[in-house]
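Input: a single structure, listed below in structure tokens.
Number of protein chains: 2
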Amino acid sequence: MRPTTKDLAIEAGVSLATVDRVLNNRPGVREDTVLKVNQAIQKLGFIRNVVAANLARGKSYRFLFLLPRTGDQFRAGLVERIHEANQIFAAEMIHADVMHIHESDPHQIANALGSLELEQADGVAIMAPESPQVRDAKARLVEKGIDAISFIAGQMASGRHDFVGIDNHAAGATAGRLMGRFLKHSEGAILVIAETMLARDSLERRLGFDEIINADYPNLAVLPSLETYGDAERTARIIHNSLLSQPNIAGVYIVSSEARVPLEVVTKAFTKEKPVIIAHERTPFTEAALRSHHVDALITQDPGHLVRSAIRILRARKDRREILASQEKIRIEVLIKENL
Amino acid sequence: MRPTTKDLAIEAGVSLATVDRVLNNRPGVREDTVLKVNQAIQKLGFIRNVVAANLARGKSYRFLFLLPRTGDQFRAGLVERIHEANQIFAAEMIHADVMHIHESDPHQIANALGSLELEQADGVAIMAPESPQVRDAKARLVEKGIDAISFIAGQMASGRHDFVGIDNHAAGATAGRLMGRFLKHSEGAILVIAETMLARDSLERRLGFDEIINADYPNLAVLPSLETYGDAERTARIIHNSLLSQPNIAGVYIVSSEARVPLEVVTKAFTKEKPVIIAHERTPFTEAALRSHHVDALITQDPGHLVRSAIRILRARKDRREILASQEKIRIEVLIKENL
DNA sequence: CAGGCTTTGAGGTACGTACCTAAAAGTCTG
DNA sequence: CAGACTTTTAGGTACGTACCTCAAAGCCTG
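Those protein sequence lines, which keep their order, are chains A and B.
full-length UniProt numbering applies: residue 1 is where the first sequence begins, and numbers increase by one.
full-length UniProt numbering applies: residue 1 is where the second sequence begins, and numbers increase by one.
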């Protein structure tokens, strides 16, 4: 049987109350008594029963996901996964809500963050580009006792787990390597389509992509990024313009998470001699495109894993616990038709 | 606040004791009373606090992983993940042990399973080929009240979650597609190396692999499988023999989970004109081989996910709860150097 | 309507921890 | 060594559920 606080008290030769004070960092315990208790913890291998503790505290966790208001299927999938996660975590008294923000308006995001109170949320996961305003607002949140982590959009931090998502440079490199290998004996240009290159993740993916192509595939030339600004008409226009000036397109790399609109345009634009197409994220649309051979590969991250990982990390933060890093590492997945 | 049993009792107009009888299927409740309570559950959206329930029950879960005694780095990684999982699940009063079996001796496995008692384990995850003896032993276990699932080695069941692992046919197909695309403009033969083709997983991988190559890549010819029987010397011998009779090897596909020995032999055997090499599973060795370009791609399944999923499924079985299928789906991952 | 049965109620204890109070014991200061 | 202070003890209640007992109420049968 696992030792309990009672066993600890006996082993340390103190009362339950003292054990409790040590365990919860309450004041009024002499240092040598603290030591005695800690030694007993070591000796018995005491592990606090977090579940009983939370029950006693009547504690529940409320987390908030700040997601961009705009978006398409990838965003919708995320919301669905958050609802799903609520089922799993309900047993642990954890609930997550979604709040919508204007991704491109740092002031609005900062305001939303600023008006959050500890009663409303124990932690937030923010999917928005890093800006000075947002960074400041996050710092103020943490001062209030609300933990904040970056979600998907952000940057791999070394060490601290402040970010849940993939290494976008590596994701771009993965796309680049596949593109290169799939086009080994072809020559031509590669179209790169992004929503906006202002977003750090798109930028990093592009850098990783270029690095591989430039280093190992001299037969391929990566064209300047086309920016769609999320607008369907603009997307159609710029892609068609690009095709006119550049007849020999061997590959297309769609950088952004929302690939539907650019994919629709691209698949219509190429009637014969389909180029190799690589996009990001698994959505109903991209999945269908992969099945019907309109797309050759997808570079994805598992939205369910992302959501659950963010929740686990926020919770561990709140409990001042360590996390198991290997479980929280978000993998860059490669999807082809066969392993869908 | 979440409704409690107390709220249920009030809503249904019965006592706590009756609510308890209904919730735990205890006898002595009239049918219309059961109905009243169930309606109250519906109306209030009552969710049983599993955590408090387990605390009250003093219940803890003991699970057992039956792993083959032989094996190399993949097996070692699994054991490590099981220890890791124990940390995570300790809070939920779950502990998993490892038991070693002779994979190839169905009688011994059946004996081990047969001698298990409910006091020793609440559930077992078995990594062993399906044989009539093992199947029978599993059935008897379930009669005893010990749940049993197949782990990694086994077959994707439709519907019921009796198996934790990947669809090996699809995994082989994934390997086949990558091999085909990487060798688009080459001609030659493909060496297939397995520990034994008696194992169902190797067989299925091979079938999936052949299906893709034969259908879409007439430039490639898949050779008969070489079986190593896990023996290093034999491996070296049969591979060298094969190379003598077959000078034009364009690709090598290593089917088995333990790829180290065949990989060592293969990388030494090809001095110039390295073939495309695809193997399974991420281990320290295969990871290094990928980094050093000795291997072109790995088809993997996440051992940590496998272990945690098996534990979650066994636990849900014990509690007679449903699982969240999307979390338990084990993905076929594709690893190249860039997304390691 | 008595006797036996089934169903329900009321209350308690327990799980492991948190958090509270009042009082006892220990330590320091002048 | 008295008084003030700090540290510790002892005991209680609570969280939400499980499981137990005993008594009360309801029902059926002859």
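In this text, a Cβ means the ideal position worked out from N, Cα and C, and glycines have one as well.
Is there at least one Cβ from chain B nearer than 8 Å to residue i's Cβ?
| i | result |
| --- | --- |
| A:Asn339 | yes |
| A:Thr174 | yes |
| A:Lys272 | no |
| A:Ala91 | yes |
| A:Phe182 | yes |
| A:Ala76 | no |
| A:Arg200 | no |
| A:Gly304 | yes |
| A:Gln73 | no |
| A:Ile152 | no |
Measure from the C-beta of residue i to each C-beta in chain A and report whether the shortest distance is under 8 Å.
| i | result |
| --- | --- |
| B:Ala170 | yes |
| B:Ser326 | yes |
| B:His294 | no |
| B:Glu333 | yes |
| B:Glu84 | yes |
| B:Val51 | yes |
| B:Arg177 | yes |
| B:Gln87 | yes |
| B:Ile47 | yes |
| B:His185 | yes |
| B:Ile277 | no |
Measure the CB-CB distance between residue i and residue j and report whether it falls below 8 Å.
| i | j | result |
| --- | --- | --- |
| B:Leu223 | B:Ala189 | yes |
| B:Thr235 | B:Val265 | yes |
| A:Gly13 | A:Arg21 | no |
| B:Val252 | B:Thr228 | no |
| A:Val295 | A:Ala269 | no |
| A:Val37 | A:Val19 | yes |
| B:Leu290 | B:Leu244 | no |
| A:Asp167 | A:Ile149 | no |
| B:Glu80 | B:Ala40 | no |
| A:Asp136 | A:Ala173 | no |
| B:Leu44 | B:Asp7 | yes |
| B:Arg206 | B:Ser225 | yes |
| B:Leu203 | B:Ile213 | no |
| B:Phe182 | B:Gly165 | no |
| B:Pro284 | B:Gln73 | yes |
| A:Thr33 | A:Leu16 | no |
So residue i and residue j are supposed to be a Cβ contact under 8 Å. How far apart are they, rounded?
| i | j | result |
| --- | --- | --- |
| B:Gly123 | B:Ile146 | 6 Å |
| B:Leu113 | B:Lys138 | 7 Å |
| B:Val192 | B:Val255 | 6 Å |
| A:Glu92 | B:Arg177 | Between B:Arg177 and A:Glu92 the Cβ distance is about 40 Å, and since that is not below 8 Å, they are no contact. |
| B:Gly304 | A:Ser326 | 6 Å |
| A:Gly230 | A:His169 | Not really, about 23 Å apart at Cβ, beyond 8 Å. |
| A:Gly180 | A:Asp216 | 6 Å |
| A:Pro68 | A:Glu119 | Not a contact, Cβ separation roughly 25 Å. |
| B:Leu55 | A:Ala125 | Between A:Ala125 and B:Leu55 the Cβ distance is about 29 Å, and since that is not below 8 Å, they are no contact. |
Going by C-alpha distance, which of the options is nearest residue i?
| i | options | result |
| --- | --- | --- |
| B:Ala128 | B:Gln120, B:Leu116, B:Glu117, B:Met99 | B:Met99 |
| B:Ala259 | B:Arg135, B:Arg282, B:Val134 | B:Arg282 |
| B:Ala194 | B:Ser257, B:Arg135, B:Leu183 | B:Ser257 |
| residue 344 of chain B | B:Pro132, B:Asn214, B:Thr267, B:Ala221 | The question about residue 344 of chain B has no answer, for chain B in this structure spans 1 to 340. |
| A:Arg48 | A:Asn219, A:Asp319, A:Lys329, A:Glu328 | A:Asp319 |
| A:Val307 | A:Leu183, A:Gln42, A:Asn24, A:Ala76 | A:Ala76 |
| B:Gln155 | B:Glu273, B:Ala175, B:Glu130 | B:Glu130 |
| A:Phe46 | A:Ser15, A:Gly71, A:Ala9, A:Thr70 | A:Ala9 |
| B:Ala232 | B:Gly71, B:Glu322, B:Ala175 | B:Gly71 |
| B:Pro3 | A:Lys144, A:Ala90, A:Ala171, A:Ser292 | A:Ala90 |
| B:Arg57 | B:Leu35, B:Asn24, B:Leu78 | B:Asn24 |
| A:Ser60 | A:Leu78, A:Pro218, A:Ile94 | A:Ile94 |
| B:Ala288 | B:Gln246, B:Leu263, B:Ala171, B:Leu324 | B:Leu263 |
Touch test, the region 326-338 of chain B against the region 293-303 of chain B, Cβ-Cβ under 8 Å, three pairs minimum | Between the region 326-338 of chain B and the region 293-303 of chain B there are three or more C-beta pairs closer than 8 Å, enough to call the two in contact.
Quiz item: Per the contact definition of three or more C-beta pairs closer than 8 Å, is the region 73-89 of chain B in contact with the region 99-109 of chain B?
Solution: By the Cβ rule, the region 99-109 of chain B does not count as touching the region 73-89 of chain B, because fewer than three pairs are nearer than 8 Å.
Could you say if the region 195-207 of chain A and the region 192-199 of chain B meet the contact criterion of at least three C-beta pairs nearer than 8 Å? The way I'd put it, the region 195-207 of chain A doesn't touch the region 192-199 of chain B; fewer than three beta-carbon pairs between them come closer than 8 Å.
Segment contact, 8 Å Cβ cut-off, at least three pairs: the region 64-74 of chain A with the region 23-37 of chain A = Of all C-beta pairs linking the region 64-74 of chain A to the region 23-37 of chain A, fewer than three are shorter than 8 Å, placing the two stretches out of contact.
The region 301-313 of chain B / the region 180-195 of chain A touching (three or more Cβ pairs under 8 Å)
No, they do not touch.
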